[in-house]
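Notes for the one structure printed next.
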Amino acid sequence: MTEKNTQQIEMTPVEEVYAKRKKIYPRQVTGLFASFRFTGVLVLLGIYYLGPFLQWNGRQAILFDLPARKFYIFEWIFWPQDFIYLAALLIIAAIALFLVTALAGRVWCGYACPQTVWTEAFLWIERKVEGSRSSQMKLDKAGWSWAKFRLKFTKHFLWLAFSLLTGFVFVGWFTPITELTERTLSFELGPWEFFWIIFYGFATYGNAGWMREQVCMYMCPYARFQSAMFDKNTLVISYDEKRGEPRGSRKKGADYEAEGKGACVDCSLCVQVCPTGIDIRDGLQYQCIGCAACVDVCNEVMDKMGYEKNLVSYTTENALSGKKESFFRPRVTIYIVLLSVITIALLGSIAQRVPLGLDIIRDRSSLYRETDEGLIENVYTLKVMNMDLKDHRYSLAVGGIEDLRIKKPKKGILVEAGTVVTYPIRIQVNPDNLKTASTELIFYLNALDDDAISIEVDGRFLGPVFK
Amino acid sequence: MPGKNNSVPKVQRFVAILWPSFVVSGIATVLFFTAFDPDEVIGCVGGWDISRMGYYSVGFFLFWLLTSLNSVLTCYFLKPCSKS
Ligand code: SF4
Ligand code: SF4
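So the sequence lines, in the order shown, correspond to chains A and B. Under the working numbering, the first residue of the first sequence carries the number 24, and numbering increases by one thereafter. Under the working numbering, the first residue of the second sequence carries the number 79, and numbering increases by one thereafter.
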């Protein structure tokens, strides 16, 4: 006995983390939270699959056009220069996730994470083909037969088709989807488009069809650190041990209190519905993704028994132990303040963004040249980016050195909306006006029709070294 | 060398090597190609005729190769030295 025990203890960590996985067959649930999730899944999948087809002013409304290096989001166009906005957006998303986690625990996991959403969709297909939990288990135990093969084949076929569609739409977020559709239908996909459709499709099939809860347990970084955001006022799914224990089966209508039993009828339904295969009655565990399936199913049982609901429920540690709950804890306040500050800063700077970019590239072939008149000449290529939605003409001015000569376009540089124009210029300077071998230049660019659109960019003018 | 009590199955070790490096190379790819336009950088030295999508993808896999190499080394050095 002792020997067996020690062995078990030694084995436990290994088994827990790396045991060969037993397939989990989550039983279907109905109820309040299940319908929340169903609605959530429907909305999120709808956004994912239909989003790229949304049109705006004759183009794809939301397009992260990687081939063209431009992001279109409704009215806005973002360029690689605007990377800072993307970074700010990611920070906002992260803090929002922290805030939600501190308040309501793993609601992200239970209702909105792509892993949950697609697993839910795959489970739905699985149930349509193979039937309920018990028929799925029976099917898997049974030997191979034509009927079993047909069911399995249908399931995987549907899963794969759905996955390929997912991969296709994925690529459609990053490259114009109307043309992508045309190219797909005429078998003219580029090799990399084809590759990424397959790659993403395969990842979907693997994660939602096969890996499922293992992604949460072994691969998800959020699952590892979310508990750091928890405190005693965070909503968690919990079993009311005081009320439930001692558990035990009983006849309906029996006076269980007289029998010395608690409210838990030990039907094990909460275990059967759990997508991660745990027993919530053992206490809060890191595997619990907070999907509330056990809450729904237990409430159903309590209803049938005529008991009070919420033996398993969303609650907080403080509520369970009868302490006062508070909403605005320091960490919540800090998250909210941070979130508001960064959001306001981001919106403010987007509103003030000058939709004009200028890159100055020095001619690489020579540092400088002496002209016949004895002037020093530098050659530059200007790249003017019009990030606005209108065409603009820009006037150019250069300062920093006295009496510099520059050949300028008379009518300004015309750049169409959302395009880049490269424009070579020559700047000539009298060597007497050069104090050092490298002098700073300032390039001013401003739109002729809008004074608000103007920028200045530094450049360098190189010349011979003077004593 | 790991003996029979090396408890981590091969598959898990593959995941532990390939998955984190996948994530990191994704981030690296985004940062790298935000800073450099492959068409310009490679176009300058007279590159091959591939689309930007191709450059991104190849870049991603090169990063993945490097980062997983890193993970492999980490895994390797994590193994205890033989005590003989
Ligand atoms: S644990 Fe990670 S992968 Fe799983 S549902 Fe939560 S966020 Fe998603
Ligand atoms: S214990 Fe309950 S809430 Fe947690 S994952 Fe399982 S069914 Fe969902």
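Note that beta-carbon positions come from the ideal geometry of N, C-alpha and C, so glycine has one too.
Its Cα nearest to that of Met242/A, the residue Trp97/B stands out among Lys88/B, Phe92/B, Trp97/B. Not flagged as an interface residue toward chain A: Val102/B, since no C-beta distance is shorter than 8 Å.
One finds nothing in chain A with a Cβ atom closer than 7 Å to the Cβ of Thr145/B; even the nearest lies about 15 Å away. From the listed residues Ser261/A, Tyr467/A, Ala460/A, the smallest Cα separation to Ile436/A is found for Tyr467/A. Fully enclosed beta strand (DSSP E) runs of no fewer than 3 residues occupy 415–422, 436–438, 443–452 of the stretch 413–453 of chain A, in order along the chain.
Contact residues of the stretch 106–118 of chain B toward chain A are Thr112, Asp115 (C-beta to C-beta distance below 7 Å).
For Thr152/B, the enclosing alpha helix (DSSP H) covers residues 130–156. A Cβ-Cβ contact shorter than 8 Å links Met408/A with Val443/A. Under the Cβ criterion (8 Å, minimum of three pairs), the stretch 248–266 of chain A does not count as touching the stretch 166–184 of chain A. Listed in chain order, the non-local C-beta contacts of Val296/A below 7 Å within the same chain comprise Pro49, Arg50, Val52, Ala316, Cys317, Val320, local neighbours out to five positions each way being set aside.
Checking the DSSP bridge columns, you'll see Phe101/A partnered with Phe94/A. For the alpha helix (DSSP H) assignment, the uninterrupted runs of no fewer than 4 residues enclosed by the stretch 169–211 of chain A are, from N- to C-terminal side, 169–195, 200–208. The bridge partners DSSP lists for Ser336/A are Ser261/A. Excluding the 5 residues flanking it on each side, Gln138/A has same chain C-beta neighbours closer than 6 Å at Val238, in chain order. With fewer than 16 other Cβ atoms from the protein chains shown falling within 10 Å of its own Cβ, Gln78/A counts as exposed. Of all alpha-carbon atoms in Leu65/A, Leu203/A, Trp196/A, Phe97/A, the one lying nearest the alpha-carbon of Trp147/A is that of Leu65/A. Thr227/A is a Cβ neighbour of Thr189/A, given a cutoff of 8 Å. Beta-carbon to beta-carbon, Leu369/A and Tyr108/A are separated by about 7 Å, close enough to satisfy the 8 Å threshold. Among the residues of the stretch 240–251 of chain A, those with a Cβ less than 9 Å away from any Cβ of chain B are Tyr241, Met242, Pro244, in the order of the chain.
Tyr133/B counts as buried, since no fewer than 16 other beta carbons sit within 10 angstroms of its beta carbon. Apart from the 5 residues on each side of it in sequence, Phe193/A sits with its Cβ closer than 6 Å to the Cβ of Tyr223 in its chain, given in chain order.
With a cutoff of 7 Å, Ile47/A does not count as near ligand 1, since its C-beta is closer than that to no heavy atom of the ligand. Listed along the chain, the chain A residues whose CB falls inside 7 Å of the CB of Trp97/B are Met242. By a beta-carbon distance limit of 8 Å, Ile399/A does not contact Val421/A. Their separation comes to about 14 Å. Judged by their CB atoms, Ala231/A and Phe145/A are nearer to each other than the 8 Å cut-off.
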